[in-house]
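**Q** Below is one structure. I have some questions about it.
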Amino acid sequence: MSPQPPSSRFKSVTGWRRLVAASRYSWQGLRAAWRYEAAFRQELLLAIVLVPMAFWLARTPLEVIVLLLPLAAVLVVELLNSAIEAVADALSAEYHMLLGRAKDFGSAAVWLCLVVLLAVWVVVAAQRWLGAAPLS
């Protein structure tokens, strides 16, 4: 039997205490993203505008979900991209090809999410205004 690697002291909390701690860390992450990441602030402000518009534009609950999921994906991927950038910046202040590539991959992921968001909104809006049947 192989020996177990040493356990992190951060992994010893379980149950409700873990849920409370995880929630606290999540809020800290959201506050840090708002404070330090201009792109996250811009995308969150976009979400504040688009969420009510989704309920106005959509004709069915399914259309609301179809409009909101790519918006949520943009925010999630932006947070992951920011995490990659923070780790890369903490590892080295000097340019490193692989760190640069990792940051570019994260940026590309955000961009693809924004393209999907735009495409979904255009299709749903076109269906509404052209009189096509709603998603049901």
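Add 6 to the 1-based position in the sequence shown for the working numbering, that's all there is to it. Backbone N, C-alpha and C define an ideal beta-carbon position, used for all residues, glycine too. From a predicted model like this one, the values you see are computed outputs, not experimental measurements.
Where does residue 47 fall in DSSP's three states?
**A** As a position in the sequence shown, residue 47 is number 41, starting the count at 1. If DSSP states are grouped into helix, strand and coil, residue 47 belongs with the helices.
**Q** Could you say which of 131, 137, 138 lies nearest to residue 64 if we only look at CA atoms?
**A** What you label residue 64 is simply residue 58 of the sequence shown in a count that begins at 1. For the residues 131, 137, 138, the minimum Cα distance to residue 64 belongs to 131.
**Q** DSSP three-state label for residue 19, please.
**A** Translated into the one-based positions of the sequence shown, residue 19 becomes position 13. Coil, per DSSP.
**Q** Among 118, 120, 108, 85, whose alpha-carbon lies nearest the alpha-carbon of residue 42?
**A** For the purposes of this step, residue 42 is identified with residue 36 of the sequence shown, where counting begins at 1. Checking every option, the nearest Cα to that of residue 42 belongs to 85.
**Q** Going by DSSP, what residue range makes up the alpha helix (DSSP H) through residue 64?
**A** The residue you call residue 64 lines up with position 58 of the sequence shown. No alpha helix (DSSP H) contains residue 64, which DSSP labels as neither H nor E.
**Q** Who are the near neighbours of residue 83 in its chain, counting only those whose CB is closer than 6 Å to its CB and skipping five residues on each side?
**A** Indexing the sequence shown from 1 puts residue 83 at position 77. The residues are 115, 116, 119.
**Q** Is residue 100 buried or exposed, if buried means 16 or more other CB atoms sit within 10 Å of its CB?
**A** As a working note, residue 100 is residue 94 in the sequence shown. Looking at its Cβ environment, which holds fewer than 16 other Cβ atoms inside 10 Å, residue 100 is exposed.
**Q** Are the segment 73-81 and the segment 92-111 touching by the rule of at least three beta carbon pairs closer than 8 Å?
**A** Contact between the segment 73-81 and the segment 92-111 is absent, because fewer than three Cβ pairs lie under 8 Å.
**Q** CB residue 146 to CB residue 76, shorter than 8 Å?
**A** What is shown of the chain runs 7 to 142, which leaves residue 146 out entirely.
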